[in-house]
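To get our numbering, take the position in the sequence shown, counting from 1, and add 18. Cβ atoms here follow ideal geometry from the backbone N, Cα and C, with glycine treated the same way. Everything numeric in this text was worked out from a predicted model, so none of it was measured. Report on the structure given below.
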Amino acid sequence: GVDAPSVNGEVLALVKNGLPAGIYRICSTNSSTNHQPVIVPVAQDGSLDDYAYFTAK
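Pasting the structure below:
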């Protein structure tokens, strides 16, 4: 996982030798510093968990 804090609101993870061509999904989950999940009153998605799709050519 990527555990480094963001710099100017961005998190960077280098992928050695890049990725093979294809369509990928990247996911993020918010947690505390000791990896406890974020507690909300109702099971929610959205701002707590985020997914993005991208294409590597």
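Tell me which residues share the same chain as S46 and place their Cβ nearer than 6 Å to its Cβ, disregarding the 5 neighbours each side in the sequence. Here the question's residue 46 lines up with position 28 in the sequence shown. Here the set comprises D68.
Proximal residues to P55 (C-beta, below 7 Å), its chain only, five neighbours per side dropped: Here residue 55 refers to the residue found at position 37 when the sequence shown is read from its first residue. Cβ neighbours of P55 beyond the five flanking positions: S49.
Quick one: residues in its chain with C-beta nearer than 6 Å to the C-beta of T73, no 5 flanking neighbours on either side, listed in chain order? Within the sequence shown, residue 73 is the residue found at index 55, counting from 1. If we look at T73 and ignore the five residues flanking it on each side, its Cβ neighbours are I41.
Residues bridged to G40 [DSSP beta-bridge criterion]: Stepping through the sequence shown from its first residue, residue 40 is reached at position 22. For G40, which the question treats as bridged, DSSP gives the partners A74.
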